[in-house]
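Numbering (this note's numbering) for the sequence shown: 13 to 279. All C-beta atoms in this analysis are idealised placements derived from N, C-alpha and C, irrespective of residue type, glycine included. Because the structure is a prediction, the values reported are computed rather than measured. As C-alpha cells, the structure follows; a few thoughts come after it.
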Amino acid sequence: MKVYEIRVQRALSPSGLPEYDYALNPYVGCLHGCHYCYAIDYTKGPPGKMWGSVVYVKANLLEVLRREVRRLKPGVVGLSTITDPYQPPEAFYKLSRGAIEVLAEAGFHVSVQTKSGMVVRDLDVLKRYREMVDVGITITTLRDKARILEPMAAHPLARARAVEKLAAEGVRVWIFMGPIIPGFNDSPQDIEEVVRVAHSTGAELIYDKYRPRPMADARLAANYRKVEVSEDWWARVKKAVEDICAKVGARCVDAEEEWAAARRHRR
Ligand code: SF4
C-alpha cells in the first residue's frame with residue numbers, strides 16, 4: 013500500500029450525477045480496492061492498474077475548499093463520487109471531516125457515501141450539522157463473501173453497526189445496496205438480510221444493479237469471474253427486492269427512479 017501527497021488547484025468540481033451539484037473527492041484512488049469499482053473508469057491517469065494499492069491524498073484540499081465556498085453558489089455536494097471518503101488515510105488526514113465542516117458552515121448540503129465504519133468518528137460534526145448532511149453506507153451483502161469483491165472495505169456487519177449508530181443519533185442515514193451482481197448477491201436471502209437492516213434502523217434503502225464499465229468489467233473478470241447483466245435478470249431481481257421490501261415494511265427505491273426524480277427536481 014502506498015500513500016502519496018499531492019497538491020490541487022480545485023476542490024469542488026461540477027458533478028455529472030443528477031443528485032449532486034458538486035463532487036468532492038479528497039483522495040485519488042481508493043485503498044478499499046473493490047473489484048467491481050466504477051470509479052476506475054472515471055479516474056483519469058494514476059493509479060490505474062494499481063487501484064487498491066496506491067492512493068493520492070489532496071493535502072491542501074481544505075485550504076482550497078475554504079476559498080472556493082466563498083465564491084461558489086451553495087448546492088448539494090457528493091462526498092465522494094470516485095473514491096471512498098473514509099478509506100484508511102482519512103484516519104490521519106481528516107480531510108473528509110474538515111470538508112463537511114467547511115461546506116456545511118458555508119450553507120452547502122453534504123451527501124456522504126462510504127463503505128467504512130470510520131464515519132462514526134465524525135458523529136459530533138454530523139450531529140452539529142444534521143440539517144446539512146446525509147450519510148449513505150453501501151452494503152452489498154451482509155455475508156462474509158463481501159470480502160471476495162470488497163477485500164479492504166469494512167466488514168458489512170461493521171457497516172450495519174455504523175448505520176444503527178448514525179440512525180440512533182438522529183443523523184439522516186440511507187443504505188446503498190449496490191451493485192447487485194448476478195450470482196453474487198442477488199439471492200432473496202442476501203437481499204432480505206440487508207433490507208432488514210434498513211427496516212430496523214428506519215434507513216431508506218436505495219438499490220441498484222451492476223452497470224458494466226470496461227475497466228470494472230475487466231477487473232471483475234480477472235479477480236472473480238465474468239459477469240453478464242440481462243434485462244430479464246434485472247426484472248426478476250427488482251421484483252424480488254420490491255416484494256421483500258413490502259413484506260418487511262422497509263422504504264426502498266430503485267436508484268434509477270431516484271436519479272430520474274433528481275433530474276425532474278433540477279429542471
Ligand atoms: S469503496 Fe467505492 S471507490 Fe473505493 S474501491 Fe470500493 S467501489 Fe471503488
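Taking Cβ positions, are residue i and residue j nearer each other than 7 Å?
i: Y34; j: G87; result: yes
i: Y50; j: R225; result: yes
i: L43; j: M164; result: yes
i: F188; j: G214; result: no
i: N197; j: T152; result: yes
i: K56; j: V20; result: no
i: S123; j: N37; result: no
i: Y48; j: P191; result: yes
i: C46; j: L154; result: no
i: V145; j: A174; result: no
i: M324; j: I18; result: For residue 324 there is no data in the structure shown, the boundaries of the chain being 13 and 279.
i: I203; j: V239; result: no
i: A23; j: E80; result: yes
i: I218; j: E268; result: no
i: D156; j: T126; result: no
i: R78; j: V40; result: no
i: P200; j: A272; result: no
i: I27; j: G90; result: One point to set straight first is that residue 27 is Ser, not Ile, in the sequence displayed. Yes.
i: S108; j: A166; result: no
i: L186; j: E143; result: Correcting the residue identity first, residue 186 is Trp in this sequence and not Leu. No, the pair does not count as a contact, with Cβ atoms beyond the cut-off.
i: V241; j: Y222; result: yes
i: Y280; j: Y16; result: There is simply no residue 280 to check, as the chain begins at 13 and stops at 279 in what is shown.
i: L138; j: V183; result: yes
i: E176; j: L135; result: no
i: A116; j: Y141; result: yes
Hey, could you find the ends of the alpha helix (DSSP H) residue i is sitting in?
i: M227; result: 226-235
i: I203; result: 200-213
i: V137; result: 135-140
i: L91; result: Segment 88-91 is the beta strand (DSSP E) holding L91; no alpha helix (DSSP H) there.
i: V81; result: 73-83
I need the boundaries of the beta strand (DSSP E) containing residue i, first residue and last residue.
i: S25; result: 24-26
i: K221; result: 216-221
i: V15; result: 14-18
i: W186; result: 185-192
i: V66; result: 66-70
Helix, strand or coil, according to DSSP, for residue i in the structure here?
i: P58; result: coil
i: A165; result: coil
i: L36; result: strand
i: Y105; result: helix
i: H2; result: What is shown of the chain runs 13 to 279, which leaves residue 2 out entirely.
i: I151; result: coil
i: C257; result: helix
i: K127; result: coil
i: D266; result: strand
i: V122; result: strand
i: D53; result: helix
i: D146; result: strand
Three or more beta-carbon pairs under 8 Å between the segment 58-76 and the segment 25-34, yes or no? Short answer: they don't touch.
Does the contact criterion of 3 or more C-beta pairs under 8 Å hold for the segment 204-211 versus the segment 243-261? The answer is yes - the segment 243-261 touches the segment 204-211, with three or more Cβ pairs under 8 Å.
Touching or not, the segment 232-244 and the segment 261-268, by the rule of three or more beta carbon pairs under 8 Å? Verdict: no, contact absent.
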